[in-house]
Amino acid sequence: MRKAFRNTALAALLALAGAAACAAGDHAGGHGHGHGHDAGEAIGRPGNAARATRTVKVDMTDDMRFSPARITVRQGETVRFVVRNAGALKHELVLGTEKELQAHYEAMKKNPEMEHADPNMVTLDAGRSGEIVWQFTRAGRVDFGCLQPGHYDAGMKGAVTVAKTGAK
Ligand SMILES: [Cu+2]
Numbered sequence: 002m003r004k005a006f007r008n009t010a011l012a013a014l015l016a017l018a019g020a021a022a023c024a025a026g027d028h029a030g031g032h033g034h035g036h037g038h039d040a041g042e043a044i045g046r047p048g049n050a051a052r053a054t055r056t057v058k059v060d061m062t063d064d065m066r067f068s069p070a071r072i073t074v075r076q077g078e079t080v081r082f083v084v085r086n087a088g089a090l091k092h093e094l095v096l097g098t099e100k101e102l103q104a105h106y107e108a109m110k111k112n113p114e115m116e117h118a119d120p121n122m123v124t125l126d127a128g129r130s131g132e133i134v135w136q137f138t139r140a141g142r143v144d145f146g147c148l149q150p151g152h153y154d155a156g157m158k159g160a161v162t163v164a165k166t167g168a169k
């Protein structure tokens, strides 16, 4: 039930994202720790699955690791992340700046029951798979992490290097 609700919320957000490219920074409902628009745009924007140029598979495990933890893409590229929770615990992959992830993580620790769903993240129960479609609009580095309490501190984090291209 909860899962279904979350998917509905995500679908609604994705629909909104089409109209306003800044949906990435907005949360599904009052969690009391909003993200700024700038932070959302800094890492790119929700992607259109039909325009994905690459699929990247990422596994999440109970030893608090993403595999792979280092991913390189090109600026402008739309990437479809197929994320699999290979563990027995709940895990998630959240894209953001390091600062943004840290702030979000602190909020999660204070309120572990917090439900959150945005186009820049996927939260998965044990054994489940899900997707994030994201367009990396700026060259540089986009971090990601699992913000489940204890996981981020334990090193469950990684980074996407966005390589600058002159081509497009
Ligand atoms: Cu985790």
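So for the sequence shown, our numbering puts the first residue at 2; every next one is plus one.
Think of the CB as a built atom: it goes at the ideal place given N, C-alpha and C, for glycine as much as any other residue.
Determine the extent of the alpha helix (DSSP H) in which residue i is found, giving its start and end residues.
i      : result
Met61  : Note, Met61: premise wrong, no alpha helix (DSSP H); beta strand (DSSP E) at Arg55 to Thr62.
Arg109 : The sequence given here places Met at residue 109; Arg does not occur at that position. Looking at the DSSP string, the run of the alpha helix (DSSP H) that includes Met109 is Glu99 to Lys111.
Glu42  : His38 to Ala43
When you measure from the CB of residue i to every non-hydrogen atom of ligand 1, does any distance come out below 8 Å?
i      : result
Leu102 : no
Lys91  : yes
His105 : no
His117 : no
Met61  : yes
Could you please give the first and the last residue of the uninterrupted beta strand (DSSP E) stretch that includes residue i?
i      : result
Lys158 : Lys158 to Ala164
Asn1   : Past the edges of the chain, shown from 2 to 169, lies residue 1, and the structure says nothing about it.
Leu90  : Run containing Leu90: none; DSSP gives neither H nor E here.
Sort out for me which residues DSSP pairs residue i with in a bridge.
i      : result
Leu96  : Phe145
Gly131 : Val84
Pro47  : Trp135
Let me know if residue i comes out buried or exposed under the rule of 16 or more other beta-carbons within 10 Å of its beta-carbon.
i      : result
Arg55  : exposed
Asp154 : exposed
Ala107 : Ala is not the amino acid found at residue 107; the sequence shown has Glu there. Glu107 is exposed by the Cβ-count criterion.
Pro113 : exposed
Thr124 : buried
Asn121 : buried
Is residue i near ligand 3, in the sense that its beta carbon is under 8 Å from a heavy atom of that ligand?
i      : result
Met157 : No copy of ligand 3 appears in this structure; the ligands present are ligand 1.
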